[in-house]
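In the UniProt record's numbering, the protein residues as written are 1 to 127.
Laid out in structure tokens, this is it:
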């Protein structure tokens, strides 16, 4: 994700997996290929690639905050929240995820078409 265009950069809160499920502030960078999360010190980064995401789900608005869940391919759910101002993170992530899946679908279709053309030699006649 290092070479990708940055679409949004800012802060989200991520719910921890622990027993207390505390909200932890993360610096987030949204790119064409996924979401990168950094702790507030800017040290360790965790990459959530769109190819590993199924959907963005469960959007709820409460007391000026937007709560949403990213569902990963294995069914793991990761909860986030952000301020409800401007274009919310959930909308930006959802749009970027749809764009990514569309790009993959178009590329897959092209590859199938090209492999089909390659399997039919120039002298072959299709019936």
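Positions of the beta carbon are idealized from the N, C-alpha and C atoms, including for glycine.
For residue i, the three-state DSSP class (helix, strand or coil)
| i | result |
| --- | --- |
| residue 63 | coil |
| residue 117 | helix |
| residue 83 | strand |
| residue 19 | coil |
| residue 43 | coil |
| residue 92 | helix |
| residue 13 | strand |
| residue 26 | strand |
Local Cβ density within 10 Å of residue i, reported as buried at 16 or more and exposed below that
| i | result |
| --- | --- |
| residue 20 | exposed |
| residue 30 | buried |
| residue 90 | buried |
| residue 128 | In the structure as shown, the chain begins at 1 and stops at 127. Residue 128 is therefore absent and cannot be evaluated. |
Supposed contact pair residue j and residue i - C-beta distance, whole angstroms, cut 8 Å
| i | j | result |
| --- | --- | --- |
| residue 56 | residue 48 | The Cβ separation is near 11 Å, so there is no contact. |
| residue 82 | residue 12 | 5 Å |
| residue 100 | residue 32 | 7 Å |
Beta bridge counterpart(s) of residue i as assigned by DSSP
| i | result |
| --- | --- |
| residue 70 | 56 and 78 |
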